[in-house]
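**Student:**
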Amino acid sequence: MGSPEEARRPEEQRLGPVVRRREQIQPGTTDQRLLDTEGDSEWVHTDPWRVMRIQSEFVEGFGALAELPSAISVFGSARTAPGSPEYDAGIRIGRALAEAGFAVITGGGPGAMEAANKGAREARGISVGLGIELPFEQGLNPHVDIGVNFRYFFVRKTMFVKYAQGFVVLPGGLGTLDELFEALTLVQTGKVTRFPIVLFGTEYWSGLVGWLRDTVVAQGKASQRDLLLFHVTDDVDEAVALVTKETGPPPPIPFEGYEA
Numbered sequence: 047m048g049s050p051e052e053a054r055r056p057e058e059q060r061l062g063p064v065v066r067r068r069e070q071i072q073p074g075t076t077d078q079r080l081l082d083t084e085g086d087s088e089w090v091h092t093d094p095w096r097v098m099r100i101q102s103e104f105v106e107g108f109g110a111l112a113e114l115p116s117a118i119s120v121f122g123s124a125r126t127a128p129g130s131p132e133y134d135a136g137i138r139i140g141r142a143l144a145e146a147g148f149a150v151i152t153g154g155g156p157g158a159m160e161a162a163n164k165g166a167r168e169a170r171g172i173s174v175g176l177g178i179e180l181p182f183e184q185g186l187n188p189h190v191d192i193g194v195n196f197r198y199f200f201v202r203k204t205m206f207v208k209y210a211q212g213f214v215v216l217p218g219g220l221g222t223l224d225e226l227f228e229a230l231t232l233v234q235t236g237k238v239t240r241f242p243i244v245l246f247g248t249e250y251w252s253g254l255v256g257w258l259r260d261t262v263v264a265q266g267k268a269s270q271r272d273l274l275l276f277h278v279t280d281d282v283d284e285a286v287a288l289v290t291k292e293t294g295p296p297p298p299i300p301f302e303g304y305e306a
């Protein structure tokens with residue numbers, strides 16, 4: 047039996063700036079074709095063109111986001127249901143960050159990402175979504191004011207870090223964990239400095255934190271001070287305070303945010 051994603055045929059497919067619908071939807075994604083080593087070796091001859099496409103994604107992303115004010119990236123599950131406590135927390139976090147003067151950057155999808163964008167938009171802040179081409183892509187949520195769609199995960203991940211001063215991480219799955227551990231690695235290795243990482247939801251994150259402390263650190267795979275690279279809280283005001291404490295208050299936004 048196939049997965050729910052396989053059984054559900056998407057109504058719309060985003061291939062970078064290109065949108066395909068109905069019978070024009072193509073199987074697979076650009077990332078899959080880049081990483082696939084099977085089949086005809088003719089793909090070798092297309093790699094220089096892929097490099098140009100990758101370069102263009104960096105240029106488009108830099109151009110779209112270069113004038114953002116201080117921003118915080120908010121991560122969380124696309125499967126978070128509207129009306130759930132986690133969704134409501136995402137709205138409150140997005141709103142509080144916008145009221146504190148930060149632009150809010152998410153992955154642009156549904157669930158917790160949509161909630162944070164919605165909160166920022168309701169507070170008339172700057173709501174940003176960085177989408178990704180996926181086989182079951184649902185498009186950018188309606189609360190995104192500035193949106194960029196990417197073909198390649200590694201380009202998108204660069205944008206999350208380059209244009210944010212910190213991360214707030216809501217409960218999420220593998221994609222959320224990927225972003226979290228990438229950020230922790232960048233801070234641990236000194237690739238980025240003064241980059242606060244706040245995990246929201248102590249019950250959800252307690253198992254991961256316990257495993258890091260009692261297994262990873264206990265067996266010498268990481269140091270005790272690595273546990274200081276992140277904070278865990280259930281309080282929205284504390285999450286915003288932790289971000290502000292480490293990054294400093296953002297400067298005034300040089301242009302108006304969303305107008306209802």
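Counted from 1, the sequence shown has number 87 at position 41 by our numbering; the numbering is strictly sequential.
We put the beta carbon where it would ideally sit given N, CA and C, even for glycine.
Every value quoted in this text rests on a predicted model; they were computed, and no experiment measured them.
#1: Counting along the chain, where does the alpha helix (DSSP H) carrying Ser252 start and finish?
#2: Can you say whether Gly140 is buried or exposed, counting buried as having 16 or more other CB atoms within 10 angstroms of its CB?
#3: On the three-pair Cβ rule with 8 Å, is the stretch 201 to 220 touching the stretch 184 to 192?
#4: Three or more C-beta pairs closer than 8 Å, one from the stretch 140 to 155 and one from the stretch 245 to 265: is that the case here?
#5: Applying the criterion that 16 or more other CB atoms from any shown protein chain within 10 Å of the CB defines a buried residue, is Pro242 buried or exposed?
#6: Take the Cβ of Met47 as the centre, count every other Cβ of all protein chains shown within 10 Å, and call the residue buried at 16 or more, exposed below.
#7: Would you report the Cα separation of Pro73 and Val263, rounded to the nearest angstrom?
#8: Do the stretch 104 to 115 and the stretch 160 to 170 make contact, defined as three or more Cβ pairs closer than 8 Å?
#9: Please name the residue or residues paired with Asn187 in a DSSP beta bridge.
#10: What distance in whole Å lies between the Cβ atoms of Val174 and Ile192, which are believed to be in contact at a cut-off of 8 Å?
#11: Are Gly177 and Gly155 closer than 8 Å when you measure CB to CB?
#12: Would you say Ala210 and Ala117 are within 8 Å of each other, going by their C-beta atoms?
#13: Distance, Cα to Cα, Ile172 vs Phe148?
**Tutor:** According to the structure shown:
#1: Thr248 to Trp257
#2: buried
#3: no
#4: no
#5: buried
#6: Its pLDDT being 49, under 50, Met47 is placed unreliably by the model, and nothing is read from it.
#7: 43 Å
#8: no
#9: Its beta-bridge partners do not exist; DSSP assigns none.
#10: 5 Å
#11: yes
#12: yes
#13: 8 Å
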